[in-house]
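Comments concern the structure below.
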Amino acid sequence: MSDKPLETHLTYFGISPWEIEVVYGLLNSRFKVIQNEIESEEGSELAGMLNIDIPLPFNEEFFKWFEYSRWDKMKFLFKEMKRRRGGKHAIKIQINFSGTPKISFIVDSNEKQWYEKAVEKIDFVLELLPFHLEPEKLPNDVTRVVYHFDLEHVRWSLNIAYSGQKKFELKNNSWQLVT
Numbered sequence: 019m020s021d022k023p024l025e026t027h028l029t030y031f032g033i034s035p036w037e038i039e040v041v042y043g044l045l046n047s048r049f050k051v052i053q054n055e056i057e058s059e060e061g062s063e064l065a066g067m068l069n070i071d072i073p074l075p076f077n078e079e080f081f082k083w084f085e086y087s088r089w090d091k092m093k094f095l096f097k098e099m100k101r102r103r104g105g106k107h108a109i110k111i112q113i114n115f116s117g118t119p120k121i122s123f124i125v126d127s128n129e130k131q132w133y134e135k136a137v138e139k140i141d142f143v144l145e146l147l148p149f150h151l152e153p154e155k156l157p158n159d160v161t162r163v164v165y166h167f168d169l170e171h172v173r174w175s176l177n178i179a180y181s182g183q184k185k186f187e188l189k190n191n192s193w194q195l196v197t
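Printed below as a string of structure tokens:
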């Protein structure tokens, strides 16, 4: 890594000062943290939202550099954030990694058990990533992919892919152009 600290961006609403302080502390040991508290969208059913932009690719090297123990603390905090809001209050966490393609994970289940399973299994995707990102399995020139936790199969699945200005959604094992 270079001598200049890498910047990570936190964008959030409905997150307590204590929760932000803990996230900040975990990230600040490795990154320069830029915070942006926003207002919730009108009509949103979310009790809180946390978006984290990590300026590194999602790979084994990231976890070694960031340290697995620190990552485990992040996962514990994400689960604690859900617990503190109760079962019926939705909280959304989105983690975006840079790289080619950029990789995003969205955790937004209202059900506590599925939310916790989604958080626990993010790093399991590492093993399947080479398989998921095989060029013949994706639309051409993909710049970003989005994983969403599949409740039916209890695993992370590719859900959305972006190629330039085009957005594709995976339906019935086939990429469908959305926009």
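Under this note's numbering, think of the first position of the sequence shown as 19, with each following residue one higher. Every residue, glycine too, gets a C-beta built ideally from N, C-alpha and C.
{"Item": "Given Thr-161, which residues of its chain have a CB within under 8 Å of its CB, disregarding the five upstream and five downstream residues?", "Value": "Thr-118, Pro-119, Lys-120, Tyr-180, Ser-181 and Gly-182"}
{"Item": "What do you get for Glu-37, buried or exposed, if any count of 16 or more other CB atoms within 10 angstroms of its CB means buried?", "Value": "buried"}
{"Item": "Pull up the DSSP beta-bridge partners for Leu-176, would you.", "Value": "Tyr-165"}
{"Item": "Grouping DSSP H, G and I as helix and E and B as strand, with all else coil, what is Asp-71?", "Value": "strand"}
{"Item": "If contact is defined by three or more beta carbon pairs under 8 Å, each pair taking one atom from either stretch, is the region 88-108 in contact with the region 167-177?", "Value": "no"}
{"Item": "Closest to Gln-112 by CA distance: which of Glu-187, Glu-79, Gly-66 and Ser-34 is it?", "Value": "Gly-66"}
{"Item": "If distances are taken between C-alpha atoms only, which option among Asn-128, Asp-159 and Phe-94 comes closest to Lys-110?", "Value": "Asn-128"}
{"Item": "Opposite Trp-193 in the DSSP bridges: which residues?", "Value": "Leu-188"}
{"Item": "What does a CB cutoff of less than 7 Å around Phe-81 pick up in its chain, not counting 5 residues either side in sequence?", "Value": "Trp-89 and Asp-141"}
{"Item": "Since Asn-46 is in the alpha helix (DSSP H), which residue starts that stretch and which ends it?", "Value": "35-46"}
{"Item": "May I ask which residues mark the beginning and end of the alpha helix (DSSP H) holding Phe-123?", "Value": "Here Phe-123 belongs to no alpha helix (DSSP H); instead the beta strand (DSSP E) covers 120-125."}
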